[in-house]
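Written out below as structure tokens is the structure these notes cover.
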Amino acid sequence: MQSEPETVCNVAISFDRCKITSVTCSCGNKDIFYCAHVVALSLYRIRKPDQVKLHLPISETLFQMNRDQLQKFVQYLITVHHTEVLPTAQKLADEILSQNSEINQVHGAPDPTAGASIDDENCWHLDEEQVQEQVKLFLSQGGYHGSGKQLNLLFAKVREMLKMRDSNGARMLTLITEQFMADPRLSLWRQQGTTMTDKYRQLWDELGALWMCIVLNPHCKLEQKSSWLKQLKKWNSVDVCPWEDGNHGNELPNLTNALPQGANANQESLGQCKSLEYQHLPAHKFLEEGESYLTLAVEVALIGLGQQRIMPDGLYAQEKVCRNEEQLISKLQEIELDDTLVKIFRKQAVFLLEGGPYSGLGEVVHRESVPMHTFAKYLFTSLLPHDAELAYKTALRAMRLLVLESTAPSGDLSRPHHIASVVPNRYPRWFTLSHIESQQCELASTMLTAAKGDVRRLETVLESIQKNIHSSSHIFKLAQDAFKIATLMDSLPDITLLKVSLELGLQRMLTAALSLPSKS
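The opening position of the sequence shown corresponds to residue 1 in UniProt numbering, with each subsequent residue numbered one higher.
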């Protein structure tokens with residue numbers, strides 16, 4: 001700034017194999033990131049390498065000096081910096097002249113200008129003390145003054161490090177986690193029996209997500225994984241470590257309005273989404289020819305979304321299940337499907353339908369398994385133009401909502417790859433049930449729309465609705481949807497859809513009549 005006086009800062013930067021391994025600056029600024037002066041010198045070195053003189057290691061320079069030159073060098077060094085180095089110089093001189101001193105038991109002498117050995121690990125400079133102080137400061141502000149934003153910037157820095165395969169990523173995350181575990185509010189909340197705020201819990205979610213990225217990194221060594229596992233178990237054993245299940249309180253907020261409705265909630269419109277420029281980059285050393293990083297990423301996403309998993313107990317954890325599923329589907333919707341990706345979708349849909357206990361779309365699933373409505377709707381719309389039979393088979397299988405059944409159908413115990421779903425007749429605490437039922441209704445409505453004009457499929461979808469949807473309000477909504485679809489202005493009325501609308505309307509009236517109180 002023109003109003004500020006110009007200051008001169010002394011900056012020293014050490015490099016080792018194209019990495020900045022240490023920095024010092026006389027400006028005195030304390031921060032996790034490099035100060036402006038370090039950045040300026042780094043850019044100057046990159047842009048004008050010829051202007052920065054390179055020197056041999058000081059040990060090499062000293063080796064070229066004779067006795068008189070060495071004595072002159074030392075005396076001048078002490079004269080220029082006598083107040084700083086004179087005590088150290090006298091101490092070293094005494095030790096060197098003593099035959100039994102420790103310094104004389106070691107061959108040679110250290111040289112900080114020589115760099116590390118080729119076998120030594122080289123890491124980017126990280127001021128661990130500043131990381132700890134900054135995280136502690138942000139946490140102490142309790143969400144005020146943009147502290148949450150600052151912590152998210154730190155998390156983004158860790159992600160950037162992991163992307164660059166910088167070993168400091170794990171070091172930095174370890175320091176951040178230690179400060180989170182030392183937050184005094186954890187003990188206070190535990191003693192008072194209160195839950196942490198949603199904003200604070202989201203920071204813990206990000207912390208857990210980053211640790212998953214680290215432990216799943218295929219490039220890390222086995223001993224590193226063992227060390228991280230030991231550390232994670234140590235943190236997990238601490239009493240104040242938050243539970244992932246989250247809120248076990250008695251309040252049951254209406255999450256239908258809080259959660260995004262459907263996988264398209266954040267996108268443009270029981271076709272106009274903007275596609276990004278995703279490309280097929282060849283993946284070497286894989287088994288099948290033609291695979292790319294894009295096909296592998298899509299396949300892994302489909303496998304993960306289709307995994308059978310039990311609904312967690314807590315309110316926050318259940319909400320997170322829905323949110324994470326819809327965020328992942330939202331990312332998949334950004335990809336324009338080509339012939340190669342359609343083959344992946346077909347293969348995974350068949351695997352999920354024929355899968356055993358690991359598939360959420362298998363023939364038999366656990367009664368409290370997370371429903372597949374949202375995922376199946378995405379699969380249905382993706383497969384419909386290419387394989388309508390498989391699309392309907394997948395969506396119809398996903399329509400079930402076993403948690404609302406009095407008893408779930410038991411599996412064939414003679415087939416070991418199936419799970420027996422025999423559980424007591426009880427209703428678990430599914431805080432997100434209203435949201436899940438709305439997703440079930442959306443899936444049914446999507447199938448009704450696509451089946452217009454196809455009598456066989458409309459009858460099949462109707463049977464599935466009557467069997468699996470238990471909410472009278474959703475049955476009424478589907479009756480309305482069927483009527484609207486059947487009487488579109490640009491076409492003749494669809495008689496079969498009108499019959500579907502009538503059947504659902506009658507079922508809704510019957511359900512409502514059965515729920516009315518009767519006089520004795």
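The C-beta atom is built at its ideal place from N, Cα and C for all residues, glycine as well.
Just so it is clear, the structure is predicted and the values come from calculations on it, not from any experiment.
Alpha-carbon spacing of Q480 relative to S501, whole angstroms: Approximately 7 Å between the Cα atoms of the pair.
For the putative contact between H386 and V342, defined by C-beta atoms under 8 Å, what is the C-beta separation to the nearest angstrom? Rounded to whole angstroms, the Cβ separation of H386 and V342 is 5 Å, and the two are in contact under 8 Å.
Any contact of the segment 446-462 with the segment 386-398, i.e. 3+ C-beta pairs under 8 Å? Contact holds: three or more Cβ-Cβ distances are below 8 Å.
Write down the C-beta distance between M196 and W189 rounded to the nearest angstrom, noting that I regard them as a contact closer than 8 Å. Confirmed, about 6 Å.
In the DSSP assignment, find the alpha helix (DSSP H) that holds A317 and state where it starts and stops. In the DSSP annotation of this structure, the continuous segment of the alpha helix (DSSP H) that includes A317 starts and ends at L315 to L332.
Rounded C-alpha distance that separates L139 from D183: So the two alpha carbons sit approximately 7 Å from each other.
Alpha carbon to alpha carbon, how far is T113 from T61? Give it in angstroms, no decimals. When rounded, the distance between both Cα atoms is 11 Å.
Looking at C-alpha atoms only, which residue of L462, T511, I475 and L92 is the closest neighbour of T496? The shortest Cα separation from T496 among L462, T511, I475 and L92 belongs to L462.
Length at least 4, wholly inside the segment 172-242: the alpha helix (DSSP H) runs in chain order: Listed in chain order, the complete alpha helix (DSSP H) runs (minimum 4 residues) inside the segment 172-242 are 184-192, 198-215 and 222-236.
Would R429 pass as a contact of S472 if the rule is Cβ separation under 9 Å? No, Cβ-Cβ distance for R429 and S472 is not below 9 Å.
On the three-state DSSP scale, how would you describe D127? D127 sits in coil when the DSSP states are folded into three classes, being neither helix nor strand.
To the nearest whole angstrom, what separates the beta carbons of T174 and Q231, a pair I think is in contact under 8 Å? At roughly 7 Å, the Cβ-Cβ gap stays under 8 Å, so T174 and Q231 are in contact.
Whose CA, out of H435, G290 and I176, lies closest to the CA of V321? That would be H435, whose Cα lies nearest to the Cα of V321.
Return the CA-CA distance between E354 and R346, expressed in angstroms with no decimal places. Going by the C-alpha atoms only, they are around 12 Å apart.
Close-in-space but distant-in-sequence residues of the same chain around I310 (CB under 8 Å, 5 per side omitted): Around I310: H366, E368, S369 and V370.
Mind checking which residues open and close the alpha helix (DSSP H) that includes F431? Where F431 is concerned, there is no enclosing alpha helix (DSSP H), given that its DSSP letter is neither H nor E.
Starting from K19, follow the beta strand (DSSP E) in both directions and report where the run begins and ends. Element bounds for K19: K19 to C25.
In chain order, each alpha helix (DSSP H) run of at least 4 residues that lies wholly inside the segment 429-468: Complete alpha helix (DSSP H) runs here, min 4: 433-450 and 455-468.
Grab the span of the beta strand (DSSP E) containing S14 for me, first residue to last. Element bounds for S14: V11 to D16.
I believe I485 touches L504 by the beta-carbon criterion, under 8 Å. Please report the beta-carbon distance rounded to the nearest angstrom. Incorrect: roughly 12 Å between the Cβ atoms, too far for contact.
DSSP state of G169, grouped into three classes? Correct three-state label for G169: helix.
Own chain residues within Cβ distance below 7 Å of E225, not counting five before or after: Per the sequence shown, residue 225 should be read as Lys rather than Glu. So the qualifying residues of the chain are V215.
Can you give the Cα-Cα distance for I344 and E160, rounded to whole angstroms? So the alpha carbons of these two residues sit roughly 30 Å apart.
Boundaries (first-last residue) of the alpha helix (DSSP H) holding K343: From DSSP, the alpha helix (DSSP H) with K343 extends over D339 to E354.
Please classify K199: is it buried, with 16 or more other beta-carbons within 10 angstroms of its beta-carbon, or exposed? Exposed.
Just to check my reading of the structure: F375 and A391 have Cβ atoms closer than 8 Å, yes? What is that Cβ distance to the nearest angstrom? Incorrect: roughly 13 Å between the Cβ atoms, too far for contact.
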